[in-house]
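The opening residue of the sequence shown carries number 1 in UniProt numbering; numbering runs sequentially from there. Accompanying notes for the structure given below.
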Amino acid sequence: MVLELSCWLLAHERVIHLYGVTSKYAAPGLVFDWAENGNGMDYIRELLEHPQKVQVPIIRDIADGLKFIHDEGVVHGDLKAANILIHVDNRAVLADFGLSRFARDHPSDYNPACLGSLRWCAPELQNEGQTRATFESDMFAFGMLCLEVCLLPAPLFSMLHETDATDTPSCTLARFRTSSLQLTRRLWHSSGRACRLLTCRRRVLRTPTAHQWHKACGTSCMSAGHLSLVGALVPMLWQVIWMSL
Numbered sequence: 001m002v003l004e005l006s007c008w009l010l011a012h013e014r015v016i017h018l019y020g021v022t023s024k025y026a027a028p029g030l031v032f033d034w035a036e037n038g039n040g041m042d043y044i045r046e047l048l049e050h051p052q053k054v055q056v057p058i059i060r061d062i063a064d065g066l067k068f069i070h071d072e073g074v075v076h077g078d079l080k081a082a083n084i085l086i087h088v089d090n091r092a093v094l095a096d097f098g099l100s101r102f103a104r105d106h107p108s109d110y111n112p113a114c115l116g117s118l119r120w121c122a123p124e125l126q127n128e129g130q131t132r133a134t135f136e137s138d139m140f141a142f143g144m145l146c147l148e149v150c151l152l153p154a155p156l157f158s159m160l161h162e163t164d165a166t167d168t169p170s171c172t173l174a175r176f177r178t179s180s181l182q183l184t185r186r187l188w189h190s191s192g193r194a195c196r197l198l199t200c201r202r203r204v205l206r207t208p209t210a211h212q213w214h215k216a217c218g219t220s221c222m223s224a225g226h227l228s229l230v231g232a233l234v235p236m237l238w239q240v241i242w243m244s245l
């Protein structure tokens with residue numbers, strides 16, 4: 001709790017505000033700002049008709065908060081939509097620093113019993129004996145969180161349970177490690193394809209010269225129409241990319 005309290009003292013608009021500590025109840029507790037819209041996943045599910053209106057702003061807010069804590073030397077360790085809270089102004093803040101640590105801490109100061117959530121866990125943290133979260137593993141979790149926010153089901157949703165009663169811990173970790181690596185390869189492939197598509201769109205959408213406009217309007221009404229159509233489709237390109245995964 002002392003470490004978590006230290007993390008919360010890093011004041012930033014994208015990190016939930018800590019008011020103080022209370023000992024009024026059976027165990028000491030931290031008192032935070034109230035997030036009227038709940039956690040990120042519940043909030044998006046309530047807006048299923050128009051989720052794209054909030055998905056990108058939420059991801060941007062999370063990225064801002066993550067950059068801040070990383071600049072301060074703090075690793076979050078358990079980044080996922082359930083640990084993101086949404087205020088009444090629809091802005092997202094980082095929450096639940098229970099697995100956080102300072103990057104300068106010695107490995108022995110980090111609790112080896114806490115692996116975070118397997119579905120968002122970087123493959124290298126799924127190796128037995130490797131439990132030290134890093135800036136890099138935070139970024140992997142951020143990528144999985146982006147998938148979660150844009151596609152709605154949790155990453156690796158087809159694996160209905162994070163553990164199986166018949167599995168040993170080694171089998172469970174191996175199963176998730178294999179699935180994570182497969183998903184990562186698919187994402188790299190899709191990212192490359194997306195970059196090629198964006199490059200193509202940029203070429204098409206270059207500002208035409210007066211001569212090109214005159215030629216397009218004088219020879220074919222479809223030429224200018226095609227340019228307008230592509231311009232309208234580009235903002236939705238990210239949706240096409242996610243759907244192709």
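For each residue, glycine too, the CB sits at the ideal point set by N, CA and C.
- For Ala82, no beta strand (DSSP E) encloses it, and the DSSP letter there is neither H nor E.
- Under the three-state reduction of DSSP output, Val56 falls in the helix class.
- Closest option to Ala82, judged by alpha-carbon separation, among Trp34, Cys150, Gly38, Gln55: Gly38.
- The Cβ-Cβ distance between Gly65 and Val15 falls below 7 Å.
- With contacts defined by Cβ atoms closer than 7 Å, Val74 and Ala133 do not form a contacting pair.
- Ranking Trp120, Ile86, Glu13 by CA distance to the CA of Ile69 puts Glu13 first.
- Ala92 is positioned such that its CB atom lies closer than 7 Å to that of Ile58.
- Excluding five sequence positions before and after Tyr19, the CB atoms of its chain that fall closer than 8 Å to its own CB belong to Val31, Phe32, Asp33, given in chain order.
- When DSSP states are grouped into helix, strand and coil, Ala35 belongs to the coil group.
- One alpha carbon belongs to Ala63, the other to Gly143, and they sit about 10 Å apart.
- Taking C-beta separations shorter than 8 Å and ignoring five residues to either side along the sequence, the partners of Asp138 in its chain run Leu66, His70, Val75, His76, Gly77, Leu79, following chain order.
- DSSP, reduced to helix, strand and coil, places Val149 within a helical segment of the structure shown.
- Residues Phe68, Ile69, Glu72, Val74 of the same chain have their beta carbon placed closer than 8 Å to that of Leu10, with the five preceding and five following residues left out of the count.
- Taking all protein chains in view, the Cβ of Val149 is crowded by 16 or more other Cβ atoms within 10 Å, so the residue is classified as buried.
- Tyr43: member of the alpha helix (DSSP H) spanning 40–45, first to last residue.
- Taken through DSSP and simplified to helix, strand or coil, Gly65 comes out as helix.
- DSSP places Gly73 in the coil class of the three-state scheme, outside both helix and strand.
- Just so you know, the alpha carbons of Ala122 and Ala95 end up roughly 20 Å apart.
- Secondary structure of Leu18 (DSSP, three-state): strand.
- Under DSSP, Gly29 takes part in a beta bridge, and its partners are Thr22.
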